[in-house]
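Just so we're aligned: the sequence shown equals residues 58 to 530 in our numbering.
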Amino acid sequence: MVKNLKKKYTHLLKDYQLIKNIHPILKEIASFFNNNGKEIYLVGGAVRDMLMGKKIHDWDLATNALPGEVTDIIARAGGKVVPTGIKHGTVTVFYIRQSAEITTFRTESGYSDGRRPDQVTYAAGIEEDLSRRDFTMNAIALRLPAGDIIDPFNGEKDIKAKIIRCAGEAAERFNEDGLRPLRAVRFAAQLGFEIERKTLDAVNRALCVCAKVSQERVRDEIDKILSSPLPSTGFRLMEKTGLLKLFIPELEACRGVEQKGFHQFDVLDHSLHACDYAAANGFSNEVRLAALFHDIGKPCVRDIDEAGVYTFYRHEEVSANMSRALLNRLRYPNAVTDKVCHLIKEHMFLYTDEWSDSAVRRFIVRVGEDNLDDICRLRRADIYGFSGNTPDYRSMEKLVKRVNNILASSRAFSIKDLAVSGNDLIAAGIPSGIKMGAILKELLETVLDDPAQNTRETLLEIAGKLNEKYTHT
Ligand code: ATP
Ligand code: MG
């Protein structure tokens, strides 16, 4: 009896603690539904994150009110409703500078394309709605405003044990929607959870369903893996389950490609270490992508020289070209693809004290001022990936210092920075056209060699001589 009371009391206390953390606006939204005799629950990632003691970022709500009723209830309360996913019974409500997605309880049936349910039917209650959700940790509801937990699949227990497990029979759940296996590996990377054996085993058998998932959705999951604290967790799980070969075969082909020399790992492990380093240091997702793909050309260009040492001539160029094709396939925005491929193409610089000032200036021009920080970040990640140990960055620091000094003393890094313009050359009698383009290029080379030459007088004189030379050749 006392034990039962104690148990009940502990439960009430826990519910109280959860509800205490619910935002007052959310409680107010819930009260509009309760006052109209409707049930409403917080569901999905928000409940999972609350139970993990994390801050919640999105409000996903489930209700037995139909979308039309949701709209009426919120409109009467003075809020706004946008039918963002009305096909799936979802509307987004805006109320006092807050927003929430509200979805009518639903059940899903028939996934003939392996991506989206063919039709959506409304479910009788919250438990049925929870049973269509992917993992036990995502199939928990928090009743509002009472704060009690509805957890038919023991998700809370799995959260405590840090386990990702399908809600229901894994093979069946993966066959319904090929995105779920990728979500499982993404959550494993994001949360640092393990995927339960049966769930993991079911991935390999669902690969033909996964193959139907749109490239955009695959990209979104890859981006979330990259944003996680240890991206290699996700990519290793992808490799283990066959997802890597399916979605990024270029990376999977790097497994077993030995490098020797100062490299301790094969090309795949090297790339994963580099990517983890980029994540651990808070580098952007573009740098993380570049770290992940910077060597994918190596398996194609590997050769062995007379001394028996592996060589990878021009691998940075091949890696950049392959990355372009792969990022296009995954529908990355062009700006991201351009940046990542440029970083990859330029990642092979090796700074020594012998670099002349003009070599440093040419490096700045080649890499581009805006990319200088990122190329150094990528290089650091690459060097870390040789051994997995914190590398010696002293030479990189020296380069950064020289780059900064040069940037502070000279601003002539492109044709538009020259002390003469095309119009000045026309005025000096040089006709516009291919010849003028070549002259401007040579003037820039002169100024990169010696910025002191970047005066109007000197450049006009050099241009005149070049014009004569070109006219006679
Ligand atoms: P995140 O923190 O990344 O937003 P989340 O769990 O909220 O994680 P969402 O994609 O926002 O993920 O989805 C909200 C909820 O909808 C999930 O928690 C899950 O219950 C359900 N869900 C989302 N995608 C699927 C799917 N493909 N199959 C089944 N249920 C899904
Ligand atoms: Mg969410």
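By construction, the Cβ of each residue, glycine as well, lies at the ideal position given by its N, Cα and C atoms.
Length of the line joining the Cα atoms of residue 22 and residue 325:
Any question about residue 22 goes unanswered here, given that the chain covers just 58 to 530.
Proximal residues to residue 520 (C-beta, below 6 Å), its chain only, five neighbours per side dropped
482, 496
Residue 117 CB to nearest heavy atom of the ligand MG below 7 Å:
yes
By Cβ distance below 7 Å, which residues in the same chain neighbour residue 78 in space, the five residues on each side in sequence not counted?
In its chain, beyond the 5 residues on either side, 107 have a beta carbon closer than 7 Å to the beta carbon of residue 78.
Considering Cα atoms alone, identify which of 156, 506, 278 is closest to residue 413.
Residue nearest to residue 413 within the set 156, 506, 278 is 506 (criterion: CA-CA distance).
Within 10 angstroms of its Cβ, does residue 529 collect 16 or more other Cβ (buried), or is it exposed?
That one is exposed.
Compute the minimum distance between the beta carbon of residue 222 and the heavy atoms of the ligand ATP, and state whether it is under 7 Å.
For the ligand ATP, not one heavy atom lies less than 7 Å from the Cβ of residue 222.
Cβ neighbours of residue 498 in the same chain (closer than 8 Å, five flanking residues each side left out):
472
In chain order, what residues of the same chain have a beta carbon less than 7 Å from the beta carbon of residue 255, not counting five sequence neighbours either side?
227
By a C-beta neighbour count over all protein chains shown, 10 Å radius and 16 as the cutoff for buried, is residue 489 buried or exposed?
exposed
Determine, using beta carbons only, whether residue 464 and residue 500 come nearer to each other than 8 Å.
no
Beta-carbon gap between residue 193 and residue 154 smaller than 8 Å
no
How many Å lie between residue 111 and residue 419 at the Cα?
48 Å
Those runs of the alpha helix (DSSP H) which lie wholly inside the stretch 380-421 and span at least 4 residues:
Secondary structure within the stretch 380-421: the alpha helix (DSSP H) runs of 4 or more consecutive residues, fully enclosed, are 391-402 (chain order).
What is the DSSP secondary structure of residue 504, counted as helix, strand or coil?
helix
Cβ-heavy atom distance between residue 196 and the ligand ATP below 7 Å?
yes
Is it the case that the CB of residue 236 approaches a heavy atom of the ligand ATP more closely than 7 Å?
Yes, the ligand ATP has a heavy atom inside 7 Å of this Cβ.
Give the DSSP-derived three-state secondary structure of residue 96 in the structure shown.
coil
Rounded to the nearest angstrom, what separates residue 183 and residue 147 at their Cα positions?
Taken atom to atom, the span from the alpha-carbon of residue 183 to that of residue 147 is near 15 Å.
Could you tell me whether any non-hydrogen atom of the ligand MG is closer than 7 Å to the CB of residue 102?
yes
Is it right to say residue 451 is buried, meaning 16 or more other beta carbons lie within 10 angstroms of its own, or is it exposed?
Under this definition residue 451 is an exposed residue.
Do you know offhand how far residue 198's Cα is from residue 162's?
12 Å
Between the Cα of residue 448 and the Cα atoms of 360, 467, 320, 523, which residue gives the shortest distance?
320
Are residue 211 and residue 105 closer than 8 Å when you measure CB to CB?
No.
Please indicate yes or no: does the CB of residue 191 lie closer than 7 Å to some heavy atom of the ligand ATP?
yes
Look up residue 297 in the DSSP assignment and say whether it is helix, strand or coil.
helix
Note the first and the last residue of the continuous beta strand (DSSP E) segment covering residue 284.
Looking at the DSSP string, residue 284 is not in any beta strand (DSSP E); the run it does join, the alpha helix (DSSP H), is 272-284.
Thinking residue 239 and residue 278 are a contact (beta carbons under 8 Å), I'd like their distance in whole angstroms, please.
Between residue 278 and residue 239 the Cβ distance is about 4 Å, and since that is below 8 Å, they are a contact.
Within its chain, find whatever has a CB closer than 7 Å to the CB of residue 453; leave out the 5 residues flanking it on each side and keep chain order.
408, 433, 436, 437
On a Cα-Cα basis, can you pick out the residue from 357, 315, 410, 339 that is closest to residue 367?
315
Does the distance between the C-beta of residue 163 and the nearest non-hydrogen atom of the ligand ATP fall short of 7 Å?
Incorrect: residue 163 has no Cβ contact closer than 7 Å to the ligand ATP.
Opening and closing residue of the beta strand (DSSP E) in which residue 113 lies:
In the DSSP assignment, residue 113 falls outside any beta strand (DSSP E), carrying neither H nor E.
Is residue 276 close to the ligand ATP? I mean its beta-carbon at under 7 Å from any heavy atom of the ligand.
no
Whose C-beta lies closer than 8 Å to the C-beta of residue 349 among residues of the same chain, with five residues either side of it excluded?
283, 288, 292, 308, 328, 329, 331, 332
Thinking residue 260 and residue 235 are a contact (beta carbons under 8 Å), I'd like their distance in whole angstroms, please.
No, residue 260 and residue 235 are not in contact; Cβ-Cβ is about 10 Å, not under 8 Å.
How big is the Cα-Cα spacing for residue 359 and residue 323?
Spanning the two alpha carbons is a distance of roughly 12 Å.
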